[in-house]
């Protein structure tokens with residue numbers, strides 16, 4: 001596998017929509033979800049998905065239940081891209097890397113004439129879309145490593161508070177799914193600790209996870225690069241992001257990441273692609289009541305339809321083979337249909 | 001550096017006390033500390049150490065203070081061995097590895113005649129004490145890797161609930177310092193999340209951290225081996241502990257481990273040896289009010305005196321040079337004198 005893959009930026013690359021530019025921050029999604037505590041799962045239609053969630057919470061939090069789980073053992077893990085927010089047609093973190101190229105070139109002007117930076121600087125989306133995985137890997141290393149971790153955090157924060165997606169012209173952070181925000185709130189209200197377990201870079205997601213999802217940085221597990229401790233000229237210590245992969249938090253790596261940073265098997269897990277398969281399997285294989293759910297993107301009006309419900313032409317986005325949904329059926333995972341199970345998809349939609 | 005060092009088992013090896021055997025579990029220390037919430041730091045004498053703690057908490061939790069820290073950013077990290085519990089004369093985790101050797105030999109009888117296992121099986125402490133670092137490394141790999149993570153957890157749990165130290169004839173988990181238990185409680189009562197950041201193996205410490213310190217597994221950062229995801233013959237997924245070092249959580253590795261598993265700089269950090277130096281430096285180098293404290297083992301009656309307060313002959317235990325305490329003075333760290341600052345050391349002592 002390539003190390004671009006490691007960085008969680010691969011496979012679903014895309015094309016077309018590389019647009020991304022500034023404006024006002026927004027807490028709409030999170031705020032709305034939190035204000036609705038008294039009506040848990042208000043944006044969920046009655047149906048098998050909602051019922052599975054309610055049954056699971058009842059079974060694990062009712063002290064009289066044979067499947068009762070002590071509060072300290074209540075761990076729920078959530079994939080981010082495609083599960084908590086929109087991943088199609090391109091990961092926001094990849095847009096971030098491309099957007100950072102001009103700043104990198106400014107620091108190292110010699111890159112302006114070198115590929116793949118020259119192509120990115122040209123702004124020619126068609127050419128950018130044709131860059132190879134190795135090119136994207138080089139871009140990721142140039143834009144995500146070599147700087148102080150605090151500097152990286154500040155830059156990523158500035159970007160995420162202003163960059164907008166192409167279709168809705170909204171901040172990426174507004175594109176979280178309202179029903180999933182309600183689910184996070186509902187789990188926490190029932191004593192569960194909620195974790196993001198993402199193939200994306202954990203340093204990147206940690207920048208906004210608390211504000212957007214109510215999930216603190218220490219509860220974000222993601223692909224991680226090594227860091228290097230050193231001292232500046234004044235003897236002040238600092239950490240630098242290194243181009244060395246510590247954790248490839250995708251596929252089996254998600255289970256390994258959970259063990260590394262959480263240390264116990266989740267009681268509930270949510271995903272949407274083959275990168276989540278092992279996490280869903282591992283969660284479901286535990287004793288007592290366990291909940292594994294996958295989001296099916298079958299709503300081409302309000303969001304997108306891809307994977308088994310594909311109505312788009314073939315793209316490079318994601319891996320959602322029918323086999324994953326066959327496994328869901330066989331292993332007792334629950335499928336969440338965006339189209340059927342969600343009354344609203346985004347907080348900015350009329351209710 | 002050796003990989004035994006990686007496992008956090010090195011340097012302070014020692015000799016003598018390899019004894020360790022079963023009995024009743026005990027929550028004495030933790031229970032006592034928790035019952036004393038209304039009298040914070042009751043076992044601390046009035047003095048500069050206690051004052052530094054009280055001042056820091058006031059400065060960071062009073063909304064009117066210029067150094068106020070929002071609750072979600074209140075992170076405090078604690079070294080374990082020598083800071084939260086007794087490390088002298090030997091790390092309990094190393095005793096665990098030696099105690100596991102007979103079970104390993106039972107599974108692989110050919111080891112009975114191979115060094116270093118033969119020496120360990122002989123029970124001859126003098127010879128065991130003379131084993132090399134490489135021997136101990138081999139013992140650590142044999143006893144800490146190759147099994148299912150759940151199996152490891154179950155075995156370590158059985159051991160820690162029964163193994164006793166040589167001097168007090170008490171469970172290791174009773175040898176936590178009451179004043180530090182009170183400190184953990186006091187920090188949490190003031191909205192701080194408390195983390196253990198240990199050179200020891202995080203899988204090992206996570207087995208008892210919640211019961212003994214009120215710190216859940218996901219808030220234990222320690223030296224970590226890789227794991228490998230696979231399926232058994234029935235298609236059930238499991239994780240195996242691998243002899244591959246992911247994180248050497250000691251010295252600069254503590255800061256790197258904090259970045260990896262917590263994702264932000266601590267506001268307060270507590271340690272006692274050179275392995276904690278970088279964590280204390282990095283914490284203190286942050287903006288606003290920061291607290292870095294080191295425990296000085298200067299009480300040869302109630303515990304031990306070593307390091308700058310050394311009254312024992314030279315041992316292989318720890319690295320606590322005078323230079324560390326000189327740095328403390330220079331950089332504004334606070335020293336905790338066991339002898340002067342603690343009215344009681346253990347919960348089992350008469351108050």
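Protein chains in written order, with this note's numbering: chain A, 1 to 351; chain B, 1 to 351. Glycine included, each C-beta is placed from N, C-alpha and C at the ideal position. These numbers come from a predicted model, not from an experiment.
Beta-carbon gap between residue i and residue j smaller than 9 Å
i, j, result
"residue 348 of chain B", "residue 168 of chain B", "yes"
"residue 291 of chain B", "residue 251 of chain B", "no"
"residue 201 of chain A", "residue 144 of chain A", "yes"
"residue 283 of chain B", "residue 324 of chain B", "no"
"residue 79 of chain A", "residue 220 of chain A", "no"
"residue 239 of chain B", "residue 149 of chain B", "yes"
"residue 186 of chain B", "residue 41 of chain B", "yes"
"residue 177 of chain A", "residue 160 of chain A", "no"
"residue 223 of chain B", "residue 247 of chain B", "yes"
"residue 72 of chain B", "residue 261 of chain A", "no"
"residue 337 of chain B", "residue 49 of chain B", "yes"
"residue 44 of chain A", "residue 179 of chain A", "yes"
"residue 109 of chain B", "residue 131 of chain B", "no"
"residue 267 of chain A", "residue 74 of chain A", "yes"
"residue 242 of chain A", "residue 228 of chain A", "yes"
"residue 146 of chain A", "residue 272 of chain A", "no"
"residue 253 of chain B", "residue 332 of chain B", "no"
"residue 328 of chain A", "residue 77 of chain A", "no"
"residue 280 of chain A", "residue 258 of chain A", "no"
Bridge-paired residues (DSSP) for residue i
i, result
"residue 293 of chain A", "A:270 and A:334"
"residue 224 of chain A", "A:247"
"residue 362 of chain A", "Given a span of 1 to 351 for chain A in the structure shown, any question on residue 362 of chain A remains unanswerable."
"residue 42 of chain A", "For residue 42 of chain A, which the question treats as bridged, DSSP gives no partner whatsoever."
"residue 89 of chain A", "Residue 89 of chain A is not bridged to any residue."
"residue 238 of chain B", "B:230"
"residue 164 of chain B", "B:171"
"residue 148 of chain A", "A:240"
"residue 112 of chain B", "In the DSSP output, where bridge partners are listed per residue, residue 112 of chain B has none listed."
"residue 305 of chain A", "A:298"
Under the three-state DSSP convention, the category residue i falls into
i, result
"residue 159 of chain B", "helix"
"residue 285 of chain A", "coil"
"residue 172 of chain B", "helix"
"residue 298 of chain A", "strand"
"residue 230 of chain A", "strand"
Beta-carbon contacts of residue i that lie in its chain and below 8 Å, excluding the five residues immediately before and after
i, result
"residue 121 of chain B", "101, 102, 105 and 112"
"residue 188 of chain B", "194 and 214"
"residue 127 of chain B", "119"
"residue 234 of chain B", "none"
"residue 209 of chain A", "196, 215, 216, 217, 219 and 220"
Beta-carbon contacts of residue i that lie in its chain and below 6 Å, excluding the five residues immediately before and after
i, result
"residue 288 of chain B", "67"
"residue 204 of chain A", "93 and 156"
"residue 265 of chain B", "286"
"residue 47 of chain A", "341"
"residue 302 of chain B", "345"
"residue 87 of chain B", "81"
"residue 61 of chain A", "190"
"residue 59 of chain B", "65, 67 and 289"
Own chain, CB closer than 7 Å to residue i, minus 5 neighbours either side, in chain order
i, result
"residue 322 of chain A", "308"
"residue 232 of chain A", "238"
"residue 244 of chain B", "225 and 226"
"residue 298 of chain B", "305, 309, 337, 338 and 339"
"residue 123 of chain B", "none"
"residue 207 of chain B", "153, 156, 157 and 160"
"residue 56 of chain B", "268, 289 and 291"
Alpha helix (DSSP H) runs contained entirely in the stretch 179-225 of chain A, provided each spans 4 or more residues: 202-206 and 209-213
Ordered list of alpha helix (DSSP H) runs contained in the stretch 117-145 of chain A, each at least 4 residues: 117-122, 125-129 and 133-144
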